[in-house]
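J.: Here it is, the structure, as structure tokens.
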Amino acid sequence: LFEPTHGSAPKYAGQYKVNPMAMLLTVKLMLDYLEEKELAQRLENAIAQVIEEGKVRTYDLGGAASTLDVAREVAKKVISNK
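Position 13 of the sequence shown, counted from 1, bears residue number 50 in the numbering used here, the numbering being contiguous throughout.
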């Protein structure tokens with residue numbers, strides 16, 4: 038099983054404002070385990086790019102982007118970094 042380590046945050050339920058990076062990095066670990074090394078590396082690179090660019094940030098990083106905004110930005114980078 039693969040599970041991001043985090044605490045429960047019921048006060049944010051349904052608000053789509055929490056940072057999805059721990060979950061996405063857990064997916065990267067799963068891909069590594071499944072020997073999908075290229076895709077795992079593309080995902081890790083995409084996450085790093087989104088953080089470095091700083092354009093799409095959740096509230097905990099001083100931004101206003103939603104969980105979905107961040108996930109979509111990472112997905113776009115995974116696709117474009119083939």
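All residues carry an ideal CB built from backbone N, CA and C; glycine is no exception.
State the CB to CB distance for the pair V107 and P47, rounded to an integer number of angstroms; the pair is presumed to be in contact (CB under 8 Å).
T.: Locating residue 107 in the sequence shown gives position 70, where the first residue counts as 1. Locating residue 47 in the sequence shown gives position 10, where the first residue counts as 1. The C-beta distance from V107 to P47 rounds to 20 Å, too long to fall under 8 Å, and the pair is not in contact.
J.: Candidates M60, G44 and F39: which alpha carbon is nearest T104's?
T.: Residue 104 sits at position 67 when you count from the first residue of the sequence shown. Ranking the options by Cα distance to T104, first place goes to M60.
J.: Looking only at its chain, what residues have a beta carbon closer than 6 Å to the beta carbon of Y96, apart from the 5 residues adjacent to it on each side?
T.: Stepping through the sequence shown from its first residue, residue 96 is reached at position 59. Cβ within range, chain order: K54.
J.: Counting C-beta neighbours from all protein chains within 10 Å, is the total for L98 16 or more, i.e. buried, or is it exposed?
T.: If you number the sequence shown from 1, residue 98 lands on position 61. So L98 counts as exposed.
J.: Indicate the three-state DSSP secondary structure (helix, strand or coil) for A46 in the structure shown.
T.: Residue 46 sits at position 9 when you count from the first residue of the sequence shown. If DSSP states are grouped into helix, strand and coil, A46 belongs with coil.
J.: Where does S117 fall in DSSP's three states?
T.: Working through the sequence shown from its first residue, we reach residue 117 at position 80. Reduced to three states, the DSSP call for S117 is helix.
J.: Under a Cβ-count criterion, where at least 16 other Cβ atoms within 10 Å of its own Cβ denotes burial, should R109 be classed as buried or exposed?
T.: For this step, residue 109 is matched to residue 72 along the sequence shown. That one is exposed.
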